[in-house]
Amino acid sequence: MACVIIVGTQWGDEGKGKIVDLLTERADAVVRYQGGNNAGHTVMFGDKTFVTHLVPSGILRKTTSVLGNGVVIDLAELIKEIEELEQMGIDVENHLHISDRAQLVMPWHKTFDRLGEEQKGKNKIGTTGRGIGPAYKDKIGRSGVRVGDLLETEHFRGRLEELVVENNQRLEHLYKSAETPFSAAQIFAEFTTYLKKLKPYICDTPLLVNQLVEQGKNILFEGAQGTFLDVDHGTYPFVTSSNTLAGGACAGAGIGPTRITDVLGIVKAYTTRVGSGPFPTELFDKDGELLQSEGQEFGATTGRPRRCGWFDALLVSQAVRLNGITGMAIMKLDVLDKFETLKIAVGYRLADGELTENLPRSLENVTPVYEEMPGWNCKTAGITDYDQLPPEMLAYLERLSELVGAPVSIISTGPKREESIVLNPDQLWL
Ligand code: GDP
Ligand code: IMO
Ligand code: MG
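Under numbering that gives the first Met the number 0, the first residue of the sequence shown carries the number 0, and numbering increases by one thereafter.
This is the structure in structure tokens:
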């Protein structure tokens, strides 16, 4: 039995989808525990590329796939995603389970996400525009609607009528918008159609997951976003609105912390970020352009170019600490194939001149202090044999591991499932 949490250690897009897919071969279930369709998890095998947004990546291997209570769900987008998967021959019906406690992304959440960003102007977060922040705001403010509410028609109709009044007031007075007000009757009709399609999937997922645990099954918890987008521990306010950390898996899936056996941190061999917010090792030169082009760093959800920079050991060592990481998958090493020299941030010079090796509360106005290492400057893309890896890459990996304080468990040399080197496969938990 193993319960392994897969968590992003930077600002998302580390390659979680690829590793979840790789490990799902040995898993009995894959569970999403937070976030919504702001996520974009890419899985490539054969000549196919899949990007999952809400449905756990495990679905591609026809594994029990759970949308936990901590997820916020846009039903229309979920149905679209299910239909796309079905068109690709994936049997969703027999594998997907949706928590009756998960919150719904309502039409006003998407509108308020957009209007809120417009109001913030140059201080905008750069959200994915999927309504995630407003949905979590209403969850915490106890003005949300849960999947289970849909099952009680008259209760849902009443709740909707109240919420539409409240949100039309917000639309008019808070956002000063002249857009068409929300209509309870129209939303009721739309959501009734969604329910018809989704009803068979809705269940008590904490019960399901705990039963699987008791049966000794192997379960993967698929984190979305990354450690520094966490609402408590990230670069606030430039964060998402959920606890993306491994700790979030317990509340978001409804399992106890004693069940978790391991936490695998997904680490990009350099750093990227989409949206606004501080990014100390960001590059604005040719090296940054090379990372962007070699890494094809465009958002899997919004298509926005990702900002790129050197590996930041302060960030990842903090992620190791915050998540209790027991092993790391180092991703996209092949993207560094053309670099003669690699830099790693090992400290920050603060505005007052002080040097720190621990992550400060604010990452604004810090200057990274770099250590340089020789690049391997040869093609490693697609290598699957550890003995063929160049010595400079092994030295880079050893240094990263030493700096951040966690062992390397998987080395990734390309986007495809098979372009991976699993160190000690017998010890890989599942
Ligand atoms: P996620 O959100 O963490 O699942 O990551 P994304 O799917 O948003 O972004 C990761 C991108 O890197 C995807 O396009 C993957 O196909 C790709 N990728 C993953 N691992 C590797 C790798 O080792 N090398 C290269 N070149 N690409 C990779
Ligand atoms: P995956 O799971 C990278 C970023 C957005 C924005 C901030 C808040 O694919 O790694 P939100 O829409 O969540 O309110 O946006 O968080 N963001 C991500 N960046 N990968 C993601 O997911 C992200 N999900 C949200 O760009 O800066
Ligand atoms: Mg992504």
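Even glycine gets a Cβ: it sits at the ideal position worked out from N, Cα and C.
Terminal residues of the beta strand (DSSP E) in which residue i lies
i	result
residue 267	261 to 267
residue 368	366 to 373
residue 271	270 to 272
residue 306	306 to 308
residue 140	Per DSSP, residue 140 belongs to no beta strand (DSSP E) and is neither H nor E.
residue 385	Segment: none, residue 385 is in no beta strand (DSSP E) and carries neither H nor E.
residue 330	326 to 330
residue 0	No beta strand (DSSP E) contains residue 0, which DSSP labels as neither H nor E.
residue 341	340 to 348
Check: residue i C-beta below 7 Å from any heavy atom of ligand 2
i	result
residue 375	no
residue 107	no
residue 169	no
residue 226	no
residue 15	yes
residue 70	no
residue 239	yes
residue 140	no
Ligand 1 heavy atom lying under 7 Å from the CB of residue i
i	result
residue 343	no
residue 259	no
residue 34	no
residue 83	no
residue 414	yes
residue 153	no
residue 333	yes
residue 327	no
residue 4	no
residue 7	yes
residue 418	yes
residue 98	no
residue 265	yes
Cβ-heavy atom distance, residue i to ligand 3, below 7 Å
i	result
residue 39	yes
residue 229	no
residue 294	no
residue 472	Nothing about residue 472 can be read from this structure; the chain reaches only from 0 to 429.
residue 299	yes
residue 11	yes
7 Å Cβ shell around residue i - same chain, five flanking residues per side excluded
i	result
residue 135	71, 240 and 241
residue 264	6, 8, 318, 319, 322, 324, 327 and 405
residue 394	372
residue 85	91
residue 187	156 and 159
residue 332	268, 379, 392, 410, 411 and 412
Among the options, the one whose alpha carbon lies nearest that of residue i
i	options	result
residue 389	381, 375, 49 and 400	375
residue 455	386, 91 and 78	Only positions 0 to 429 of the chain appear in the structure, and residue 455 is not among them; the question remains open.
residue 382	396, 419 and 357	419
residue 308	336, 267 and 298	267
residue 154	384, 191, 392 and 332	191
residue 212	184, 230 and 253	253
residue 238	250, 225, 245 and 246	225
residue 104	400, 122, 144 and 230	144
residue 367	391, 115, 352 and 34	352
residue 163	379, 184 and 172	184
residue 378	357, 203 and 334	334
residue 160	423, 40 and 182	182
residue 409	422, 398, 59 and 399	422
Endpoints, the alpha helix (DSSP H) within which residue i is located
i	result
residue 97	Careful: residue 97 lies outside any alpha helix (DSSP H), inside the beta strand (DSSP E) at 95 to 98.
residue 181	Segment: none, residue 181 is in no alpha helix (DSSP H) and carries neither H nor E.
residue 204	204 to 213
residue 23	15 to 23
residue 78	74 to 86
residue 43	Looking at the DSSP string, residue 43 is not in any alpha helix (DSSP H); the run it does join, the beta strand (DSSP E), is 40 to 44.
Cut-off 8 Å between Cβ atoms - residues of its own chain near residue i, not counting five sequence neighbours on either side
i	result
residue 359	347, 349 and 365
residue 43	17, 49, 414, 415 and 416
residue 75	189 and 193
residue 330	13, 14, 17, 18, 265, 266, 267, 268 and 411
residue 289	337 and 338
residue 278	10, 270, 272, 306, 308 and 362
Neighbour flag for residue i against chain C, beta carbons, 8 Å
i	result
residue 315	Looking for chain C here will not work: only one protein chain is present.
Chain-order list of residues whose beta-carbon lies under 6 Å from that of residue i (same chain, five-residue window excluded)
i	result
residue 248	4, 32 and 220
residue 2	218, 258, 259 and 260
residue 41	16, 50 and 299
residue 77	53
residue 343	310, 312 and 370
Touch check for the stretch 263 to 275 and the stretch 162 to 177: three-plus C-beta pairs under 8 Å?
-> no
Below 8 Å, can you find three or more Cβ-Cβ pairs linking the stretch 26 to 41 to the stretch 51 to 71?
-> yes
Cβ contact check for the stretch 108 to 119 and the stretch 173 to 185: 3 or more pairs under 8 Å | yes
Taking three-plus beta-carbon pairs below 8 Å as touching, is the stretch 82 to 100 in contact with the stretch 46 to 59?
-> Three or more beta-carbon pairs drawn from the stretch 82 to 100 and the stretch 46 to 59 are found closer than 8 Å, and the two stretches are therefore classed as touching.
Quick check: the stretch 224 to 237 against the stretch 17 to 25, are there 3 or more CB pairs under 8 Å?
-> no
Three or more C-beta pairs closer than 8 Å, one from the stretch 391 to 408 and one from the stretch 309 to 324: is that the case here?
-> yes
Mind the definition here: the stretch 203 to 211 touches the stretch 279 to 287 only if three or more C-beta pairs lie below 8 Å; say whether that holds.
-> Output reads no: the stretch 279 to 287 does not touch the stretch 203 to 211.
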